[in-house]
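**Q** Under the numbering used here, the first residue of the sequence shown carries the number 1, and numbering increases by one thereafter. Just so it is clear, CB atoms sit at the ideal spot from N, CA and C, and this is done for glycine as well. All values reported here derive from a predicted model rather than from experimental measurement. Submitted below is the structure of interest, expressed as structure tokens.
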Amino acid sequence: MEQSPYFFPRLPEISVNPDGELMLAGHPAHSLMERHGSPLVVILEDALRRNCQAWMHPAANGIRFRMYYASKALLTTGVAALMHQEGLGIDVVSMGEMATALAGGVPPEMVLMHGNAKDRAELEYAVEQRVGRIVIDNLEEIGRLAEVVQAAGIRQKVFVRVTPGIRPSTHRYVQTGQQDSKFGFNLEGGLAEQAVLQVLRHPELELVGLHCHIGSQVLETEPFVAAAGRMLEFYAHVQQELGAPLDELNLGGGIGIRYKDSDAQMDAASHMARLYEFVAKWCGEHGIDCPLICDEPGRSIIGETGVTLYTVQSTKRIEEVRNYASVDGGMTDNPRFALYEARHPVAPAMRMLDRPDQLWSVSGKCCETGDMLIHDVEMCELHAGDLLAFFSTGAYTWSMASNYNRVARPAVLLLGKDREGLLARRETVEDLLSLDSVPDWLR
Ligand code: LLP
């Protein structure tokens, strides 16, 4: 069979039929648009479950582990339910994410709460709902949380978030483990130790572990190993010298996916196997019990399983300058190019076999020059009415969507071979208007 010249994730659920049409889980792209409208975010269920299973791959050497899906990547009630079915917990950072995880049937014990600006209402809700772990991110939060927990008359399991001073190679907006970070407590400056000592003064807070996250879209394992090394040293210090009976170490997720041909292919099971082996060896050499290892993958679970389909509404050729194809979505459903100049693979969904012999820039529908989905990508001749597929859009697109220009958010469809169901219906103009109110004096 003829091979498509376009780059896209090589998943069994993504193929091209002999007519050159993109097929998603065996469904022709155009039929999905006919049934569900345009634009449309499609999540490939089998691929998603496979990725979950790769992360849940049993560890060797009797290592105990727990995986939390980083729900910021994409969360709806259905996504939470699926993650729970696959045995993952959920990492949340807001009241909304917490409520969604719980609505999806995730047991509170399997919810881990993050946040560098948690407010009292969020802490109260978390404690009331008995979420399993709260990750302490700053000094002010310690006293605030202790009060809330005391009022509830319980003991709350907590983590302390540490910035280990590792700066992996990735976009600077998504580096998180360096000294200069809004998150957590640094090791070098001694803030991490100060935080641990403060937490230990509150008997209602049960310090069970330490957390770090070094960044996102990191395409190599070694920075994670380096972070694990620094974290283990501090872990042993806290256990042995500060007297806290820790039992868990959270290494924070962050492995990347292939947005282009030259990106390295990471494999969750081998990545974790390397980390497990490192931790087991370190603990053996230093005579400490191996902690329960946690991780919080987001992008690597759901990123490649998402495909966004758009319809081209107009094209414009500016001789010797640029060709524009404008679609019925844009930065409102995928702000990643506008924010990070992130390039998703893109292809003409109905003409996947046509030679890419022209340069195109794909623009969104917002009234803003910066509303681009990509610049200068090779595709075949495009016309109004063509369908474009942007690949690897499962993570950090719909979850970062906005209603700029009062554009409604697209539907999100969970698609299997023999079944399909909405994870989120398309927003309507009525939805948008429903939040408005008109002060009396304007009526
Ligand atoms: N845990 C924590 C504490 C995090 O801050 C993050 C991501 C994750 C886990 C999950 O990382 P992942 O496995 O997905 O890389 N909007 C950006 C990505 C921001 C990531 C922020 N934190 C983007 O579109 O690239």
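(1) Give the C-beta separation of Met113 and Val135 to the nearest angstrom, bearing in mind that I take them to be a contact with Cβ-Cβ under 8 Å.
(2) Examine the Cβ distances between the segment 56-66 and the segment 395-408 and report whether three or more of them are shorter than 8 Å.
(3) Excluding the 5 residues preceding and the 5 following Met372 in the sequence, name in chain order all residues of the same chain whose CB lies nearer than 6 Å to its CB.
(4) Could you tell me whether any non-hydrogen atom of the ligand LLP is closer than 7 Å to the CB of His114?
(5) Does the Cβ of His213 lie closer than 7 Å to at least one heavy atom of the ligand LLP?
(6) Give me, in chain order, the residues of the same chain whose beta-carbon lies closer than 6 Å to that of Arg274; leave out the 5 immediate sequence neighbours on both sides.
(7) Could you give the residue range of the alpha helix (DSSP H) that holds Asp267?
(8) Can you find the residues in the same chain that come closer than 7 Å, C-beta to C-beta, to Leu219, ignoring five residues on each side of it along the sequence?
(9) Tell me where the alpha helix (DSSP H) around Gln156 begins and ends.
(10) Take the Cβ of Val367 as the centre, count every other Cβ of all protein chains shown within 10 Å, and call the residue buried at 16 or more, exposed below.
(11) Can you name the start and end residues of the alpha helix (DSSP H) that Ala99 belongs to?
(12) Got a sec: does the ligand LLP put a non-hydrogen atom nearer than 7 Å to the Cβ of Ala228?
(13) Tell whether a beta-carbon distance below 8 Å holds between Ala244 and Leu200.
(14) In the structure shown, what three-state DSSP assignment does Ser361 receive?
(15) In angstroms, rounded to a whole number, what distance separates the CA positions of Glu378 and Asp357?
(16) Just reading off the beta strand (DSSP E) that Pro450 is part of, what are its end residues?
(17) When you measure from the CB of Asp91 to every non-hydrogen atom of the ligand LLP, does any distance come out below 7 Å?
(18) CB of Glu468 to nearest heavy atom of the ligand LLP: below 7 Å?
(19) DSSP puts His171 in a beta bridge; with which residues?
(20) Is Ser392 buried or exposed, if buried means 16 or more other CB atoms sit within 10 Å of its CB?
(21) If we require 3 or more residues per run, which beta strand (DSSP E) segments fall completely within the segment 213-256?
(22) Quick one: grab the DSSP three-state call for Asp431.
(23) If you draw a straight line from the C-alpha of Met98 to the C-alpha of Met83, how long is it?
(24) Using C-beta distances below 7 Å, list every residue in its chain close to Ala192, excluding the 5 sequence neighbours before and after it, in chain order.
(25) From the DSSP output, which residues share a beta bridge with Val377?
(26) At which residue ranges does the segment 16-44 contain complete beta strand (DSSP E) runs of 3 or more residues, listed in the order of the chain?
(27) Leu22: which of Cys283, Asp386, Leu432 and Val208 sits nearest, CA to CA?
(28) Is DSSP giving Thr305 helix, strand or coil here?
(29) Buried or exposed: where does Gln194 fall if 16 or more other Cβ atoms within 10 Å of its Cβ makes it buried?
(30) Using only CA atoms, which one of Met352, Gly416, Ser361 and Tyr340 lies nearest to Val174?
(31) Under three-state DSSP, which class holds Ile142?
(32) Given Arg155, which residues of its chain have a CB within under 8 Å of its CB, disregarding the five upstream and five downstream residues?
(33) Out of Ala389, Thr332 and His344, which has the shortest C-alpha to C-alpha gap to Gly370?
(34) Report the option in Ile214, Gly287 and Met33 whose CA atom is closest to the CA atom of His237.
(35) Counting pairs of Cβ atoms below 8 Å between the segment 426-442 and the segment 72-90, do you hit three or more?
(36) Under a Cβ-count criterion, where at least 16 other Cβ atoms within 10 Å of its own Cβ denotes burial, should His344 be classed as buried or exposed?
**A** In brief:
(1) Residue numbering aside, residue 113 sits at position 113 when the sequence shown is read from its first letter. Residue numbering aside, residue 135 sits at position 135 when the sequence shown is read from its first letter. That pair is a contact at about 7 Å.
(2) no
(3) In the sequence shown, counting from the first residue as 1, residue 372 sits at position 372. The residues are Phe337 and Ser363.
(4) In the sequence shown, counting from the first residue as 1, residue 114 sits at position 114. Yes, the Cβ of His114 comes within 7 Å of a heavy atom of the ligand LLP.
(5) Numbered from its first residue, the sequence shown carries residue 213 at position 213. Checking the 7 Å criterion, the Cβ of His213 is within range of a heavy atom belonging to the ligand LLP.
(6) Along the sequence shown, read from residue 1 onward, the residue named residue 274 stands at position 274. Only Thr221 meet the Cβ criterion.
(7) Residue mapping note: residue 267 aligns to position 267 of the sequence shown, counting from 1. No alpha helix (DSSP H) holds Asp267; DSSP gives it neither H nor E.
(8) Residue 219 sits at position 219 when you count from the first residue of the sequence shown. Here the set comprises Gly256, Asp263, Ala264 and Met266.
(9) Position 156 of the sequence shown, counted from the start, is the residue given in the question as residue 156. Per DSSP, Gln156 belongs to no alpha helix (DSSP H); it is in the beta strand (DSSP E), Gln156 to Thr163.
(10) Numbered from 1 along the sequence shown, position 367 holds the residue referred to as residue 367. According to the sequence as given, residue 367 is Cys; it is not Val. When all chains shown are included, Cys367 counts as exposed.
(11) The count along the sequence shown starts at 1 and reaches residue 99 at position 99. Per DSSP, Ala99 belongs to the alpha helix (DSSP H) from Met95 to Ala103.
(12) Along the sequence shown, read from residue 1 onward, the residue named residue 228 stands at position 228. Flag unset: Cβ of Ala228 not near the ligand LLP.
(13) The residue given as residue 244 occupies position 244 in the sequence shown. The residue given as residue 200 occupies position 200 in the sequence shown. Cβ distance < 8 Å, so Ala244 and Leu200 count as in contact.
(14) Taking the sequence shown and counting its residues from 1, the one referred to as residue 361 is at position 361. In the structure shown, Ser361 sits in a strand (DSSP, three-state: E or B).
(15) Along the sequence shown, read from residue 1 onward, the residue named residue 378 stands at position 378. Along the sequence shown, read from residue 1 onward, the residue named residue 357 stands at position 357. Approximately 6 Å, taken between the alpha carbons.
(16) The question about residue 450 has no answer here: the residues shown for the chain are numbered 1 through 443.
(17) For the purposes of this step, residue 91 is taken as the residue at position 91 of the sequence shown. Yes, the Cβ of Asp91 comes within 7 Å of a heavy atom of the ligand LLP.
(18) Nothing about residue 468 can be read from this structure; the chain reaches only from 1 to 443.
(19) The residue labelled residue 171 in the question sits at position 171 within the sequence shown. Bridge partners of His171: none, in fact.
(20) Walking along the sequence shown from the start, residue 392 turns up at place 392. By the neighbour-count rule (16 or more Cβ atoms within 10 Å), Ser392 is buried.
(21) 248-250
(22) Here residue 431 is taken as the residue at index 431 of the sequence shown, counted from 1. DSSP places Asp431 in helix when its eight states are reduced to three.
(23) Here residue 98 refers to the residue found at position 98 of the sequence shown. Here residue 83 refers to the residue found at position 83 of the sequence shown. If I take the Cα positions, the gap works out to 14 Å.
(24) Along the sequence shown, one-based indexing puts residue 192 at 192. Same-chain partners within the cutoff: Val160, Val162, Phe185, Asn186 and Phe234.
(25) For the purposes of this step, residue 377 is taken as the residue at position 377 of the sequence shown. DSSP output for Val377 lists Trp360 as bridge partner(s).
(26) 22-24 and 40-44
(27) Within the sequence shown, numbered from 1, the residue matching residue 22 stands at position 22. Among Cys283, Asp386, Leu432 and Val208, the Cα nearest to that of Leu22 is on Asp386.
(28) Sequence index remark: in the sequence shown, residue 305 carries index 305 (1-based). In the structure shown, Thr305 sits in a helix (DSSP, three-state: H, G or I).
(29) Position 194 of the sequence shown, counted from the first residue, corresponds to residue 194. By the neighbour-count criterion, in which 16 or more other beta carbons inside 10 Å mark a residue as buried, Gln194 falls on the exposed side.
(30) One-based indexing of the sequence shown puts residue 174 at position 174. Comparing Cα-Cα distances from Val174 to each of Met352, Gly416, Ser361 and Tyr340, the minimum goes to Tyr340.
(31) Walking along the sequence shown from the start, residue 142 turns up at place 142. Ile142: helix per DSSP, three-state reduction.
(32) What you label residue 155 is simply residue 155 of the sequence shown in a count that begins at 1. Correct list, in chain order: Val149, Pro203, Glu204, Leu205 and Glu206.
(33) Position 370 of the sequence shown, counted from the first residue, corresponds to residue 370. When each option's Cα is compared against that of Gly370, the closest is Thr332.
(34) As a position in the sequence shown, residue 237 is number 237, starting the count at 1. The shortest C-alpha to C-alpha distance from His237 to any of Ile214, Gly287 and Met33 is the one to Gly287.
(35) no
(36) For the purposes of this step, residue 344 is identified with residue 344 of the sequence shown, where counting begins at 1. Result: buried.
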